[in-house]
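As structure tokens, the structure follows; a few thoughts come after it.
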Amino acid sequence: MKRMLSGIKPTGQLHLGNYIGALRHFVDYQDEYEMYAFIANLHCITVPQDPVELQKNLRDCVALYLACGLDPAKATVFLQTDVPAHAQLGYIMCCHTYMGELNRMTQFKDKQAKGEKNLSGGLYTYPALMAADILLYDPDYVPVGDDQKQHVEITRDVAERMNHRYGELFKIPEPLVAKVGARIMSLSDPSKKMSKSDETNKGCIYLLDPLKTARKKVMGAVTDSYANVHFDPENQPGVSNLMQILSSLSNDRPIGEIEQEFQGKGYGEFKRAVADAVCARLEQIQARYDEIITSDMIATTLSDGARRASLLANAKLEKVQKAIGMEIIA
Ligand code: AQP
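Just so you know, we're using the working numbering here: the sequence shown kicks off at 13 and counts up by one.
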């Protein structure tokens, strides 16, 4: 069985972009692949976090993984720090990643360009940790949203470099990016991706938003004056984004079919259909979340997940440490 690995960093509440671009695919793939899905808490602290809020976000993230359909009997769900090999291999990867490569990564570059002060060393080097997150498990595929493709690319480069230098250590993973929904845009500014750090709070639908709030956000989504439900991300980015949301939430219904259905109809009717689809999915997820958050499922899932993930991760770490001469072999 081919293996897959992916993670989410809950720097805030998970949103519809995380669901459409990543989480729903984890769920689809768990029957076909050996799936490892982790909660990237080390990555969360690359930017300042409120400890109480972070703890809640981590717990909610596990509950939402399960509420969205990940089944711990099929998928290994774990917390990154429960497997210390991530931080250990992360350091080794950092020593094999060039500063030129890190300088090209958009997250750090963007924040620096915006003039943000006191950026952490962790934010600069996190792509090396991400490479370790992936390579510890030798996955065949890494399902990600469009924005994360460059992380898989740097992972491949560093893995190839180390394989060349020390002999075969890592499988070279492939990114898996869906054709529709790989970049869900902000509802209030469709030139930006939907993001946890949305300052306006109007452009991002959180998976735990009350249904009324979610509906209001969809109905207030920025569109255009063409009055035509047509897929054209360049000239009609808002409408095209809503079409992608509707398609993703209706079993990847072809965009052409959606265009046909709403031909000659106003944006009001179209938005109501999108809002209905969003609310129906949120309602389902939230009902399951309510059951999970008060049960012992979070603890049992994480302890079992950590045990299963450690088996692979520790073996890989040992292999790497030996290959690069870090262990004293008696
Ligand atoms: N808007 C999006 N559309 C499609 N996929 C998305 N993903 C994130 N946003 C979208 C995918 O979700 C997975 C987990 O991402 P993450 O939360 O670990 O990191 P991120 O991409 O940095 O998410 P945010 O919301 O933008 O976080 P902040 O605001 O903290 O920077 C990934 O597979 C990602 O592609």
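Note that CB positions come from ideal geometry on N, CA and C, so glycine has one too.
task: Take residue 306 as the anchor and find which of 233, 74, 131, 242 has the nearest alpha-carbon.
output: Here the closest residue by C-alpha is 74.
message: From the DSSP secondary-structure annotation, give me the bridge partner or partners of residue 205.
response: DSSP, once it has assigned bridges, lists 197 as partnering residue 205.
- prompt: Beta carbon of residue 160: closer than 7 Å to some heavy atom of ligand 1?
  reply: Residue 160 has its Cβ nearer than 7 Å to a heavy atom of ligand 1.
Among 176, 59, 235, 45, the one whose alpha carbon lies nearest that of residue 155: When each option's Cα is compared against that of residue 155, the closest is 45.
field: 8 Å Cβ shell around residue 8 - same chain, five flanking residues per side excluded
entry: Nothing about residue 8 can be read from this structure; the chain reaches only from 13 to 342.
- prompt: Does DSSP classify residue 15 as helix, strand or coil?
  reply: Strand at residue 15.
query: So does residue 195 have its beta carbon nearer than 7 Å to some heavy atom of ligand 1?
result: It does: the Cβ of residue 195 is within 7 Å (strictly closer) of some heavy atom of ligand 1.
- request: Please classify residue 38: does DSSP put it in a helix, a strand, or coil?
  value: Helix.
- prompt: Who does residue 88 pair with in a DSSP beta bridge?
  reply: According to DSSP, which records beta bridges pairwise, residue 88 is partnered with 48.
message: Determine whether the beta carbon atoms of residue 78 and residue 231 lie at a separation below 8 Å.
response: A distance of 8 Å or more separates the beta carbons of residue 78 and residue 231.
query: For the 8 Å Cβ check, are there 3 or more pairs between the segment 188 to 207 and the segment 20 to 32?
result: Result yes; three or more Cβ-Cβ pairs closer than 8 Å.
- request: Would you please state the rounded distance, in angstroms, between the beta carbons of residue 158 and residue 113? I believe it to be under 8 Å.
  value: Not really, about 20 Å apart at Cβ, beyond 8 Å.
- prompt: Taking 8 Å as the CB-CB cut-off, is residue 236 touching chain C?
  reply: Absent here is chain C; the protein component of the structure consists of one chain.
- prompt: Taking C-beta to C-beta, are residue 254 and residue 214 nearer than 8 Å?
  reply: No.
query: Once you ignore the five residues that flank residue 258 on each side, which residues in its own chain have a CB closer than 7 Å to its CB?
result: Result list for residue 258: 270, 285, 286, 289, in chain order.
field: Start and end residues, beta strand (DSSP E) containing residue 188
entry: Where residue 188 is concerned, the enclosing beta strand (DSSP E) stretches over 186 to 188.
query: Quick one: what does DSSP say residue 60 is sitting in, helix, strand or coil?
result: Coil, per DSSP.
- request: Give me the Cα-Cα distance between residue 200 and residue 181, rounded to the nearest whole angstrom.
  value: Linking residue 200 to residue 181 through their CA atoms gives a straight-line distance of about 45 Å.
- prompt: Comparing alpha-carbon positions, which option in 14, 76, 184, 19 lies nearest residue 303?
  reply: Looking only at 14, 76, 184, 19, the smallest Cα-Cα distance to residue 303 is reached by 76.
message: Applying the 10 Å Cβ sphere with the 16-neighbour rule, what's the burial state of residue 27?
response: A residue is called buried once 16 or more other Cβ atoms fall within 10 Å of its Cβ, and residue 27 is buried on that count.
task: Compare the C-alpha of residue 300 against each of 81, 341, 68 and name the closest.
output: Of the listed residues, the one whose Cα sits closest to residue 300 is 81.
query: residue 71 to residue 21, Cα distance in whole Å?
result: Going from the Cα of residue 71 to the Cα of residue 21 covers about 12 Å.
message: Quick check on the DSSP output: the beta strand (DSSP E) that includes residue 192 runs from which residue to which?
response: Per DSSP, residue 192 belongs to no beta strand (DSSP E) and is neither H nor E.
- prompt: Relative to ligand 1, is the shortest distance from any of its heavy atoms to the C-beta of residue 30 smaller than 7 Å?
  reply: Yes, Cβ of residue 30 sits closer than 7 Å to a heavy atom of ligand 1.
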